[in-house]
Structure formats: structure tokens, C-alpha cells
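Input: a single structure, listed below in C-alpha cells.
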Amino acid sequence: MNILCLDQFGELGGAQRCLLDLIPAMAGRGWIVHVAAPGSGQLAERAAALDATVHPIRCGSYSSGSKTLPDIARFAAEAPRLAGEIRRLVQRLDVDLIYVNGPRLLPAAALAVANAARPGPRVLFHSHSLLTGLARRVAGRSLAMLGAAMVASCRFVAAPLLPYSGDRGIRVVYNGVRRISLPSRPPAADFRIGVIGRISPEKGQADFLRAARILHDVAGQCRFVVCGAPLFSNPAARRYCTELDDLAEDLPVEFAGWTEDVEGVLAMLDLVVVPSAAIDATPRVILEAFAAGVPVVAYAAGGIPEIVEHGVTGFLVEEHSPKALAFAIRDLLRDPHRLREAAETARAKARTEFSLERYRAQMIDAVEAAVRT
């Protein structure tokens, strides 16, 4: 089977890492994997290293999150050209399945398949993020036109797309991560608390730093780490980074920048905080912290309550405010046994429900089902 994987980004975010996790399982079935993505970024480099064939496509640069009117106009104008690129790839590679790894390429994929000279390949859409408003309607109409199979990273992400799924439904496949073994840390005077991920308002670094200031005043002996960088051509990122610098002034905060060594960051943390906005799905860093045995405190936002069981595998903060976050962390610092117990339970769960092997098996089953329908 020939599979063409389409991605709207050439940089590595959570969705792109999920695709890279899946490619070895596809290749293990004897399938030929092609990846089409913009530019020659890390996604192309990593996919090629996994023996996938890489094809550059011209997918314009747009602001992440809400789109401006110029973005929307340019997107509509570029769709026919992009559809032509996809259609030529489909014909040249004799593609059996188009695996669409992000909503931005759905309209072009729908046009490419609809205008094909012969019956087009089946399409599987993997939804990693919440779609609302115009983005949901455009994606939904494209999915309905294609009769596409759908996989969502959590029920929260799946819900808005259900009206467009017909009797096909939507499979929910939670992400998986490999096992992580961290060396034991020597006792330290300071308790190190960190937030890891793309620098963006919806990831909540500003709330983390505001909570850090409260903790610094009431708890002391804490150090804070912000690990990440802006991605995906977000013009507001510089303003947000400036805001974070201001919030961190006079606090014991380390800005660690972007790193591929997530294990190394987790190894120096005593607690991972995930103060995501209500639109976030199931951040991969939570599962990585589970696998590493590092306790997690998170806002009860988006799809997070689907993977974090409060008081069992982690701790959820219902009120999305820096004050509530700081006081929840303060209370847990006074009860380190609860933190250790939750971390061990989460580690066990990561090895079963959130394992890389389980993720690959469920995704391969979804791919095979999409081709059969």
C-alpha cells in the first residue's frame, strides 16, 4: 500500500511527532510511506531518516490560532494550486490512502480527490486540535465531501466534528509515548517546577509565571523553568515572549529555550505544570511526564481531564487562575507523598494505556479500516 501523509507544518509540534511515531509501524506492515510537507524542516529530515520518501509542497505561512482576513483570502486563493500539487503526487505515486495530519490541507485534498481523473484514494483525517468557527465548517465540509475516515486525539477534539462524520463515526486514539527511565536525582535544596512546550498564550506560560510569583512569596525554596520556543509562524509570539520576560523579572526563573532532549528537562524537574487554555487537547508533555515518573499539575481544561485522573495520576485545578494554580501547588508541596504516589500510578498507566505500542496498533487498525471502507 502507498500512503501519502500530508502535513501543514515542516516544524515539529505534537501532531508532527505523532506522525513520526506512526511511520515505523506503517513501514513495518510493508507499506510505502510518503510525506509531503512545507519546506525542508525537521519533519522532512526525521521522516527521511525513517525511510519515508519526502516531497516538498508549498503551503503558505499563516498565523497560528485565529486567522486574519488576509490569511483567509490568501488561503482560499492558494487552495486550487495546492490541490494540483497533491493531485499530481497522488497520480505519480499511485497513492492508496491520503493521511491528512492537520486541517489546513483538507480543502486542497478534497479538491484533489474530487477532480481526479479516476476514483481517488481513501482519505483519513487525524485531528489533533480543537476546530471551531469557520475552521470547523471548512474542515467539516471537506470531510463530508471526501467521505473521510476520522481519528481524533481525544473526545474533546472529536465532538465538534461529529456532525460531519455521518455513520462513519470518529475513532478516538490517545497519543502514546515510549518508556522513559530517568537517573535518580540527588537531594536538592530547591524544588524545581517547570512548564514545557511551545511558547504560546494557549499553553499558559503567563499564568505559570504569575503563579510562580505567588509561590515565591508564600512557599520559597522553589525554582522555575520555562522550556520551549515559539513555533508555526505566530506573529504575536514576540510580544508574548516580551510579556513573559517582564513577568519573570526578579524571580528565580530559567528560560531553557527549545530542546529535543525532553528527558533531560524532565530529569531536573520535581513537578511539571500544564496551565493550558480551554482550547488545548491532550498535551504530549503530560504523557511524557507520566512515563518519566514526574508528577503533573494541570488546569482541568480541554481534553486534559480525559488523561489526568485527579488525585490518582495527577492533579487538576478547576479554577483557571494563577492564584488557584499557585495554592494547589503549595498544598502539594506540603504533602510530597501524594506527589510521589500519583507519579508512580501515572508511570504504570503510561506503560499500558498510553504506551507507544498501543498507539501504533490502534492507528494501524484505523488506517486499515479506512482503506476497507
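Residue numbering for the sequence shown is 49 to 421, as defined by our numbering.
Virtual Cβ for every residue (Gly too), placed ideally from N, Cα, C.
Between the options, which lies nearest to residue i when the distance is taken from Cα to Cα?
i	options	result
M426	F173, V143, L182	Residue coverage of the chain in this structure runs from 49 to 421, which leaves residue 426 outside it and unanswerable.
T361	V320, P370, F375	V320
R84	A192, A100, P128, S177	Here residue 84 turns out to be Ala, not Arg, going by the sequence shown. Out of A192, A100, P128, S177, A100 has the C-alpha closest to the C-alpha of A84.
F375	D265, F272, L60	D265
R170	S403, L52, D294, Y407	L52
G359	D379, S369, G351, V138	D379
V225	S403, G276, S177	S403
A162	P128, D142, R286	P128
D215	M198, E126, V344, N149	M198
V243	R140, G305, A372, N149	G305
L54	Q269, A396, A95	A95
I218	H176, D238, R406	H176
A7	G188, I228, P72, G62	A query on residue 7 cannot be resolved here, the shown segment of the chain reaching from 49 to 421 and no further.
A223	T393, D69, E389, R135	Note that residue 223 is Asn in the sequence shown, not Ala. Selected option, being the one with the closest Cα: D69.
H103	R286, M74, E133, A75	E133
H82	T307, Y407, R140, T400	R140
Any idea which residues DSSP pairs residue i with across the strands?
i	result
R170	L145
M198	F173
A414	Answer is none; A414 lacks a bridge partner.
G305	C275
N50	I80
F363	V345
R43	Because the chain is modelled from 49 through 421, residue 43 falls outside the range shown and cannot be assessed.
T101	H82
S403	V225
V321	V345
Going by the CB atoms, is the gap between residue j and residue i shorter than 8 Å?
i	j	result
V313	G245	no
L292	L257	yes
A398	A339	yes
L209	L182	no
A348	G252	no
R240	R271	yes
G341	A391	yes
L130	I146	no
L263	N149	no
A254	L295	yes
A346	V356	yes
V186	A200	no
V344	V322	yes
A124	L230	no
D238	Q269	yes
P370	A259	yes
Looking only at its chain, what residues have a beta carbon closer than 8 Å to the beta carbon of residue i, apart from the 5 residues adjacent to it on each side?
i	result
C14	In the structure displayed, the chain extends from 49 to 421; residue 14 sits before or after that span and is not available.
E250	G113, S324, A325, I327, D328
D144	M49, N50, I51, P169, R170, V419
E59	G89, Q90, L91, L279, F280
A414	L172, A197, V199, R219, V221
V138	L52, I146, A160, V161, A164, G168, P169
R406	G224, T400
A206	S175, M198, A200, I218, V220
Given residue i, which residues of its chain have a CB within under 6 Å of its CB, disregarding the five upstream and five downstream residues?
i	result
C107	Q56, P86
A192	Y212
S190	L154, P155, A158
G168	V161
E336	V225, V310
I352	A346
V301	F272
L387	P343, L380
V274	V243, Q253, F303
R152	Q56
R184	P208
I228	E311, A339, A340
H368	Y347
G188	Y212
A285	P278
Ignore the nearest five residues each way along the sequence and tell me which others in residue i's own chain have a CB closer than 7 Å to its CB.
i	result
E354	C202, R203, F204, T330
D142	N50
A267	R378, L381
R395	F338, A339, G341
R77	I412
W79	M49, I51
A63	N149, G150, H176
G276	I244, G245, R246, I247, W306
Is there at least one Cβ from chain B nearer than 8 Å to residue i's Cβ?
i	result
R227	Protein chains in the displayed structure number just one, and chain B is not present.
Exercise for the section: Kindly provide the ranges of any alpha helix (DSSP H) runs that are 4 or more residues long and lie completely inside the segment 231 to 281, ordered along the chain. Expected result: 253 to 266
Problem - Ordered list of alpha helix (DSSP H) runs contained in the segment 350 to 397, each at least 4 residues - result: 370 to 381
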